[in-house]
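Take a look at the structure below.
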Amino acid sequence: MTRAPSVPTLDALAALLGPKGFTIDPDQMAPWLTDWRGKYRGAAAAMLSPATAEEVAAVVQLCAEQDVALVPQGGNSGMVGGATPDTSGDMVLLSTRRMNHIRVIDEAAQTVVADAGVILEHLHEAVLRHGLRFPLTLGGKGSATIGGLVSTNAGGTQVLRHGTMRALVAGIEAVLPDGRIFDGLAPLKKDNRGYDLRHLLCGAEGTLGIVTAACLHLVPAVAVRRTAWIGLESPVAALQLLRRLDPAIGRELEGFEIVPRSCLDAVLRHIPQTRAPLTKTYPWYALVELAGEDAEALDSVLQPELARALDAGLIYDVVIAKNDRESEDFWRLRDSISEAERAEGPAIQHDISVPVDRMPDFIAENPRRLAKAFPGARALSFGHLGDGNVHHHVQPPVDVDGKAWLAAHGEAASRLVYIHVIELGGSISAEHGIGQMKRDILAELDSPARMAALRGIKAGLDPAGLFNPGKLIA
Ligand code: FAD
């Protein structure tokens, strides 16, 4: 059983971290006790902001001796309430925001070692100055930290070519629940010493260790990119296009996103200074991006492939961005969908994955199932078709009080979505994680064998349940 820190424990933590690293001031803590979506509100006995891995280890040792639970937090941009403590006020919030140094950029090895609290956008800027790129980006890049990205195994728009965070992590340093520092930062290509702690910590959502630094793989900065906005009939056509482009283009194909017309319309309605790339409207759009070293090589493959797809009637129209600014404009349309959809009214959002080939079936069939069970309910999907991952929003019928409808039917509608996903062999969380939001539905719907293994790993590494209780697994 964990318990609230006693006054002497709080005094010891304050003495350890000094005024910059310790606060119990409710006003200073308030912004960090609510999640990014404003869905969860928690309380904490104190907010700790250690500056080094050694300080984190000392904090954990002190808390472990006193059975005090810790909630790690990076940029607080997570989507599932993973970094928000419960309402008891017994836990301490451990923020990594003072751990914000880039330790080494190794140009020859194409790696960077960064503290857990380094913000993704700052990392992008720092490595770019060395002609390198960290090939993972997402809408929350101005807040999301390396520790948070590792701990949620974040995805984004370049997974098609570079994989999720797990694939980009070459090494990890973390403090384990007994207060010891695990130094796994060395970027070993081969390491067969049994269970891979590095992989266990990726996606553990702060339940197994507090990541203090990571060694990350880099790639050369983009020399040239080509971004195409394509009008087409359906996700089936988009998947056929992907299947043609993938072998023809190979490693240069970095992104393949799909956007239904209703989402583009919402963006154009709500987001200032946006315009449709094509003059005519189409039921669906694909946003395709290639990145490489040589403009001619990219053009010599992309243009003929798209021309062939047009001739075959697979796509209706296409425009290729003339310059980086136009590319950014295309991406802004895609990246603004969540904001535009929020402006359209309340909806329940699902971040799901199924095998890529089954995604068109899911996108077509799930709205039918929802409408049958909840007459008038609407659903839309957009996102990373190339990864078999879409953001699937369920909206209330148009003529009802949306918030009341979601309060009454939201949970049942989500269950229907998740059951369908599992029928198709998919996952109820493609990239956002489980946190507190999906904890119970995961326990209910996931395989008993997998859940037992997850619980066993947690109990083995954190038998007292000190790290991020109530998240991921109950
Ligand atoms: P937090 O929100 O602070 O924490 C997230 C989880 O990680 C919590 O469980 C927390 O306890 C744990 N944690 C944080 N730091 C540590 C640490 N050092 N050690 C151990 N555990 C830790 N995500 C995607 O995957 N793909 C997207 O495309 C995407 N788009 C987004 C767009 C927007 C506009 C926003 C706001 C968010 C988006 N996200 C996306 C979600 C979010 O940015 C990611 O989940 C990100 O990885 C969270 O990082 P963070 O530093 O903010 O972590």
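Residue numbers for the sequence shown follow my numbering, so the first one is 506 and each next one is one higher. For glycine and all other residues, C-beta sits at the position ideal for the given N, C-alpha and C. Computed from a prediction, not measured in an experiment: that's the story for all the values here.
Going along the chain, which residues of its own chain have a beta-carbon closer than 7 Å to the beta-carbon of residue i, five neighbours each way excluded?
i: Ala-675; result: Thr-616, Pro-692, Cys-720, Leu-721, His-722
i: Glu-759; result: Gln-663, Leu-665, Arg-666, Glu-794, Leu-795, Ala-796
i: Leu-783; result: Trp-734, Gly-736, Asp-822, Val-824
i: Leu-966; result: Leu-681, Pro-682, Leu-713
i: Ala-918; result: Ile-853, Leu-875, Phe-879, Ala-882, Val-899
i: Asp-840; result: Gly-644
Suppose you measure from the CA of residue i to the CA of residue j; what does that come to, to the nearest Å?
i: Pro-968; j: Ala-869; result: 45 Å
i: Gly-586; j: Leu-598; result: 13 Å
i: Met-506; j: Arg-944; result: 20 Å
i: Gly-580; j: Asn-605; result: 11 Å
i: Pro-974; j: Ser-886; result: 32 Å
i: Ile-776; j: Ala-817; result: 34 Å
i: Ser-832; j: Ala-781; result: 13 Å
i: Asn-658; j: Ala-520; result: 34 Å
i: Arg-730; j: Glu-762; result: 16 Å
i: Phe-879; j: Asn-871; result: 12 Å
i: Arg-920; j: Glu-949; result: 10 Å
i: His-914; j: Thr-539; result: 24 Å
i: Ile-715; j: Gly-689; result: 13 Å
i: Gly-668; j: Asp-892; result: 9 Å
i: Pro-765; j: Val-859; result: 18 Å
i: Glu-738; j: Ala-884; result: 18 Å
i: Asp-572; j: Val-922; result: 39 Å
i: Ser-656; j: Ala-588; result: 11 Å
i: Gly-888; j: His-937; result: 13 Å
i: Gly-583; j: His-925; result: 25 Å
i: Asp-620; j: Ala-562; result: 14 Å
i: Lys-544; j: Ala-954; result: 31 Å
i: Leu-815; j: Ala-826; result: 17 Å
i: Arg-873; j: Trp-910; result: 18 Å
Quick one: residues in its chain with C-beta nearer than 8 Å to the C-beta of residue i, no 5 flanking neighbours on either side, listed in chain order?
i: Ala-771; result: Ile-842, Ala-845, Glu-846, Ala-848, Glu-849
i: Ala-569; result: Pro-682, Asp-683, Gly-684, Ala-969, Leu-971
i: Lys-525; result: Ser-554, Ala-556, Arg-603
i: Leu-890; result: Pro-740, Ala-743, Leu-744, Leu-747, Phe-761, Glu-762, Ile-763, Ala-791, Val-861, Met-864
Quick check on this structure: which residue in the options has the alpha carbon closest to the alpha carbon of residue i?
i: Gly-547; options: Ala-563, Leu-567, Leu-575, Gln-571; result: Leu-575
i: Ala-728; options: Thr-779, Glu-798, Leu-713; result: Glu-798
i: Arg-813; options: Gly-543, Leu-750, Ala-520; result: Leu-750
i: Leu-819; options: Glu-630, Tyr-787, Phe-835, Glu-831; result: Tyr-787
i: Gly-517; options: Asp-532, Glu-560, Ala-549; result: What sits at residue 517 in the sequence shown is Ala, not Gly. The option with the nearest alpha carbon to Ala-517 is Glu-560.
i: Phe-835; options: Tyr-790, Phe-527, Leu-803; result: Tyr-790
i: Asp-829; options: Ala-800, Pro-577, Arg-955, Trp-910; result: Ala-800
i: Arg-508; options: His-627, Asp-595, Val-926; result: Asp-595
i: Phe-687; options: Thr-717, Arg-671, Lys-695, Asp-620; result: Thr-717
i: Leu-803; options: Ala-826, Ile-754, Ser-600, Arg-542; result: Ile-754
i: Ala-614; options: Met-552, Ala-558, Ala-550, Pro-725; result: Pro-725
i: Pro-640; options: Glu-612, Ile-610, Ala-672; result: Ala-672
i: Leu-773; options: Leu-838, Ala-826, Leu-815; result: Leu-838
Note down, in chain order, each residue of its chain lying with its Cβ closer than 6 Å to the Cβ of residue i, except the 5 sequence neighbours on either side.
i: Val-823; result: Ala-733, Ile-735, Leu-811
i: Ala-631; result: Ile-607
i: Leu-625; result: Lys-646, Ala-649
i: Gly-653; result: Gly-579, Gly-580
Take every Cβ of the stretch 926–938, pair it with every Cβ of the stretch 859–873, and state whether three or more of those distances are shorter than 8 Å.
-> With a cut-off of 8 Å, the stretch 859–873 and the stretch 926–938 count as touching, because enough Cβ pairs lie within range.
Segment contact flag, the stretch 645–657 with the stretch 729–737, C-beta cutoff 8 Å, min 3 pairs = no
Please list the segments of the beta strand (DSSP E) lying wholly inside the stretch 859–889, counting only runs of 3 or more residues, in order along the chain.
-> 883–889
Taking 8 Å as the threshold, find out whether the stretch 701–717 comes into contact with the stretch 956–965 through three or more Cβ pairs.
-> yes
Quick one: which unbroken alpha helix (DSSP H) runs of 4-plus residues sit fully inside the stretch 586–673? Chain order, please.
-> 625–633, 651–656, 664–667, 670–673
Of all the alpha helix (DSSP H) runs that stay within the bounds of the stretch 692–772, which reach a length of 4 or more residues?
-> 702–706, 740–754
Just list the alpha helix (DSSP H) runs in the stretch 791–851, keeping only unbroken ones of 4 residues or longer that don't cross its boundaries, in chain order.
-> 800–816, 829–840, 842–849
In chain order, which alpha helix (DSSP H) runs of at least 4 residues are fully inside the stretch 898–959?
-> 907–928, 944–950
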